[in-house]
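Following: one structure in structure tokens, then a few remarks.
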Amino acid sequence: MRIVVIGGNAGTGAHVVHQALQRGDEVVSVSRSGWTDPPEGVEDVRLDATASAGLDQVLTGADAVVVAVGASGFDRSRPRTRVTEAVVSSLGRVGARPVVAHSSLGVGDSLDLMKQPVRTIARVALGIALADHGAQEDVLARSGLPWASVRPGGLSDDPARGDVTLTPTADAAPGAPTGRITRADVAAGILQVLDEGLGGTFVFVPR
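So the sequence shown is numbered by the working numbering: it starts at 335 and just counts up by one.
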């Protein structure tokens, strides 16, 4: 599988890149700054992913796209949404591909799954970031493309634990999603979505 990872040089995106390479996928990492020390086998593309025309060449021939763009929690410019709009625009020209977005627990109907008082704290402290993620999902929902989003809780850089199960948001019980998860486990969930051709929104619950 040829996977293009937008935001692939850091955070969860970098974990997607490493895991996909390890299992033999062809991987393209797209980011503004690129890798300092790229893993062997990755195609490291330095590109502003908000410029949709620049994405056409990169997305041509891809089997799937992962949008794993990070941003400051106080960035009101909605960078994730703007990148996703550019990806959707480009795929309208080069051909439809499945898109998986790295979203967040607390977006849309997943907010009601969070335990109190964390739900209220998240709504206040993460409101700007959650609005960006929500708008990003709305772009995908209107795109006509095959798409999915994964909605993890708080992220850590600890080693993968493998102690979570990817679950459709609508099937999760209130209070069930894990509030803390490793980026490596999120990356594994993203690849599971691609492998199984899943669509819609997903959260992570303890096994």
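Glycine is no exception: its CB is placed at the ideal position from the N, C-alpha and C atoms.
This structure is a prediction, so every number in the text was calculated from the model and none was measured.
Residue 402 (DSSP reduced to helix, strand or coil): Three-state result, residue 402: coil.
Using the three-state DSSP reduction, which class does residue 372 fall into: helix, strand or coil? Three-state result, residue 372: coil.
Determine the burial state of residue 432: buried for a count of at least 16 other Cβ atoms within 10 Å of its Cβ, exposed for fewer. Counting Cβ neighbours within 10 Å, residue 432 comes out buried, since at least 16 surround it.
Bridge partners - residue 427, DSSP secondary structure assignment: For residue 427, which the question treats as bridged, DSSP gives no partner whatsoever.
Go ahead and label residue 502 buried or exposed: buried means 16 or more other beta carbons lie within 10 angstroms of its beta carbon, across all protein chains shown. So residue 502 ends up on the exposed side.
Roughly how many angstroms separate the alpha carbons of residue 444 and residue 485, rounded to a whole number? For residue 444 and residue 485, the distance between alpha carbons rounds to 8 Å.
Roughly how many angstroms lie between the CA atoms of residue 512 and residue 377, to the nearest whole one? Roughly 33 Å separates the two Cα atoms.
Cβ contact check for the stretch 523 to 533 and the stretch 458 to 476: 3 or more pairs under 8 Å: Touching, no, given that fewer than three Cβ pairs across the two stretches are closer than 8 Å.
Contacting residues, own chain, Cβ-Cβ under 7 Å from residue 545 (five flanking each side not counted): Residue coverage of the chain in this structure runs from 335 to 541, which leaves residue 545 outside it and unanswerable.
Residue 602 versus residue 401: straight-line alpha-carbon distance, rounded: Residue 602 lies beyond the residue range present for the chain, which begins at 335 and ends at 541; the question has no answer from this structure.
Under the rule that 16 or more other beta-carbon atoms within 10 Å means buried, what is residue 490, buried or exposed? With fewer than 16 Cβ atoms within 10 Å of its Cβ, residue 490 is classed as exposed.
Is DSSP giving residue 390 helix, strand or coil here? The answer is helix: DSSP assigns residue 390 an H, G or I state.
Identity of the residue in 525, 477, 481, 441 nearest residue 487 by Cα: Residue 441 holds the alpha-carbon nearest to the alpha-carbon of residue 487 among 525, 477, 481, 441.
For residue 348, is the classification buried or exposed, using 16 other Cβ atoms within 10 angstroms of its Cβ as the cut-off for buried? Its Cβ being crowded by 16 or more others within 10 Å, residue 348 is buried.
Reduced DSSP category for residue 465 - H, G, I as helix; E, B as strand; rest coil: Residue state, collapsed to three classes: helix.
Can you name, in chain order, every residue of its own chain whose Cβ lies under 7 Å from the Cβ of residue 390, other than the five neighbours on each side? Within the same chain, residue 390 has close Cβ partners 424, 427, 428.
Test item: CB-CB of residue 384 and residue 420 under 8 Å: Note that the C-beta distance between residue 384 and residue 420 is below 8 Å.
According to DSSP, is residue 342 helix, strand or coil? Coil at residue 342, not helix or strand.
Measuring only the C-alpha atoms, how far is residue 365 from residue 465? C-alpha separation (whole angstroms): 22 Å.
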